[in-house]
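Note that the working numbering gives residue 1426 to position 69 of the sequence shown, counting from 1, and the numbers run on in steps of one. For glycine and all other residues, C-beta sits at the position ideal for the given N, C-alpha and C. None of the values given here were measured: they were computed from a predicted structure. For reference, the structure is listed below as structure tokens.
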Amino acid sequence: MIGPTMTPEILARITAARAARDLSDLARQAVGTTAETISPAERIKRARRMRQMVNAYLDTVVVAEALAGADWSEITEALGRREPDTVEGEYADAVAEWSDAAEAEADAAADVEELDAWYARHREDHDPDLEKPVADLLNRH
């Protein structure tokens, strides 16, 4: 199924897809617990957890775009920031770590089919009409 060697960019994109799936599941759970009787502190903690996951997802997407060769000024603008050198510096360690992320290849490969199956189960009419969006990522390289 996996033809070419996975690049750090592809691994980061698969990790971002995994994070998006987890966020979707957590958001659905939040809707399901709307009427649940819990303390304000617990409800806030759950919301904070979701925000932390969103931030981690965003960081992974930024790293994937950097690994794909996106210009830091474009990334900075998309983040609503002003200083490309500052943003590049903030992500430098993460980009370097992902550049050496060969050991994660097996885990990512195992997730490809699972992520595509998850997408197929949850896809709605307004979503992109793709059967295997993650596998398609591998096939385009």
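Among the candidates the options, whose CA atom is the shortest distance from the CA of residue i?
i: A1413; options: A1398, G1389 and A1376; result: A1376
i: T1347; options: D1486, H1483 and A1369; result: The structure shown does not extend to residue 1347, since the chain is modelled only from 1358 to 1498, so the question has no answer here.
i: G1426; options: T1390, R1480 and I1367; result: I1367
i: L1472; options: L1495, P1397 and M1407; result: L1495
Could you check the C-alpha separation between residue i and residue j for me, to the nearest Å?
i: S1430; j: A1392; result: 44 Å
i: A1373; j: R1400; result: 26 Å
i: V1411; j: V1419; result: 12 Å
i: E1422; j: I1432; result: 8 Å
i: Q1409; j: A1384; result: 13 Å
i: T1443; j: A1451; result: 14 Å
i: S1381; j: V1388; result: 11 Å
i: I1395; j: L1415; result: 29 Å
i: S1456; j: P1441; result: 20 Å
i: E1454; j: V1469; result: 21 Å
i: R1378; j: Y1448; result: 23 Å
Under three-state DSSP, which class holds residue i?
i: T1390; result: coil
i: H1479; result: helix
i: I1395; result: coil
i: D1486; result: coil
i: T1364; result: coil
Count the other CB atoms, across all protein chains shown, that sit within 10 Å of the CB of residue i; report buried if there are 16 or more and exposed otherwise.
i: I1371; result: buried
i: P1365; result: buried
i: L1487; result: exposed
- Message: My parser needs the alpha helix (DSSP H) runs of 4 or more residues fully inside the stretch 1424 to 1476; what are they?
- Response: 1429 to 1435 and 1441 to 1456
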